[in-house]
Amino acid sequence: MSIEYIAYYSIDPQILLPLPVVDGFAQAVLQSPKLRSLTFIASPGQEHILDNILDKCRASNIILPLRYLSIFRILSPLPLIPHVENLTSIDIVDVTTEDDYSVTSFNQLWRAISQKGARLEWIHVDRVPPTLVDYLITYRGLKSFTLANSQTPADNLLSNDVDAERFYFEVIPMHCATMRTLDVRLKFIRKWCFSSRLASVLAQCAALERLALGFSSENGAPIVRDTLSFDVPDTLSY
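Take any residue in the sequence shown, note its place counting from 1, add 151, and you have its number in my numbering.
Below, the structure written as structure tokens:
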């Protein structure tokens, strides 16, 4: 088959897919050597479908030549690692576990992406482990970065401040010539919010078209924050 785009969408967790349907979907992926884009959006309890596909790929020694990967709900990102070398876009959110294993898994994912030499242009994630920051300072050319998180402020560890500082002051300068979208507007506190220190960094982003950042007046304790989202004019000034 010459399929280049395959997508799975589920909006109703009550619908149980027959096993032949799941196997058929997996076979369609395995028999698509030109597959460039894979989208998997699962309802709770259906995460195993993607694992089933990736297990079959591993058993058959198949590497998917993916350039675009969009995943919503996944048990672990580790089975994706063999297929990340050619990626230019990754959208991966809502891992079903929030524990030490999950943190370790995402560190391994971004370390593998870096080691395989992938140069991502579009990134949409709901967490920023240290290895993601490490990866982003190894190359130039990122066009869009979105950080989305549905957790409450108290759920975000204060240690994330280190990653936030590195992201804004080490990563952004590496990609300021190409970055068109910077969206960090959800429930992150402290250093992830806008501050006057960011003004000079953002002013370097000559290609920036859309900016969304959270605002906070707090000095340590989480508070309710507002979000500013706007299209950036031709000239960005402060």
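No residue lacks a Cβ here, since even glycine has one placed at the ideal position from N, Cα and C.
Cβ neighbour criterion (16 or more within 10 Å) applied to residue i
{"i": "residue 155", "result": "exposed"}
{"i": "residue 198", "result": "buried"}
{"i": "residue 320", "result": "exposed"}
{"i": "residue 185", "result": "exposed"}
{"i": "residue 280", "result": "buried"}
{"i": "residue 220", "result": "buried"}
{"i": "residue 300", "result": "buried"}
{"i": "residue 295", "result": "buried"}
{"i": "residue 307", "result": "Because residue 307 carries a pLDDT of 47, less than 50, the predicted location of this residue cannot be relied on, and no value is offered for it."}
{"i": "residue 153", "result": "exposed"}
{"i": "residue 322", "result": "buried"}
{"i": "residue 166", "result": "exposed"}
{"i": "residue 170", "result": "exposed"}
For residue j and residue i, believed in contact at Cβ under 8 Å, the rounded distance
{"i": "residue 345", "j": "residue 333", "result": "Not quite, the Cβ-Cβ distance comes to about 11 Å (not below 8 Å), so this is no contact."}
{"i": "residue 180", "j": "residue 200", "result": "At roughly 11 Å, the Cβ-Cβ gap does not stay under 8 Å, so residue 180 and residue 200 are not in contact."}
{"i": "residue 242", "j": "residue 275", "result": "4 Å"}
{"i": "residue 284", "j": "residue 317", "result": "5 Å"}
Sequence-distant residues of its chain with Cβ nearer than 6 Å to residue i (five each side left out)
{"i": "residue 263", "result": "232"}
{"i": "residue 192", "result": "160 and 223"}
Sequence-distant residues of the same chain with beta carbon closer than 8 Å to residue i, five excluded per side
{"i": "residue 291", "result": "325, 326, 328 and 329"}
{"i": "residue 229", "result": "256, 259 and 260"}
{"i": "residue 206", "result": "230"}
Closest Cα partner of residue i within the set the options
{"i": "residue 331", "options": "293, 279 and 343", "result": "293"}
{"i": "residue 209", "options": "192, 190, 322 and 177", "result": "177"}
{"i": "residue 270", "options": "366, 255, 259 and 288", "result": "288"}
{"i": "residue 240", "options": "202, 284, 206 and 187", "result": "187"}
{"i": "residue 237", "options": "217, 227, 278 and 277", "result": "217"}
{"i": "residue 212", "options": "347, 286, 268 and 182", "result": "182"}
{"i": "residue 366", "options": "348, 265, 358 and 158", "result": "348"}
One or two residues paired with residue i in a DSSP bridge
{"i": "residue 273", "result": "240 and 295"}
{"i": "residue 231", "result": "Residue 231 is not bridged to any residue."}
{"i": "residue 334", "result": "297 and 363"}
{"i": "residue 255", "result": "Its beta-bridge partners do not exist; DSSP assigns none."}
{"i": "residue 154", "result": "DSSP output for residue 154 lists no bridge partner at all."}
{"i": "residue 223", "result": "192 and 244"}
Same chain, Cβ closer than 7 Å to residue i, neighbours up to 5 away in sequence not counted
{"i": "residue 163", "result": "194"}
{"i": "residue 214", "result": "233 and 234"}
{"i": "residue 312", "result": "341 and 342"}
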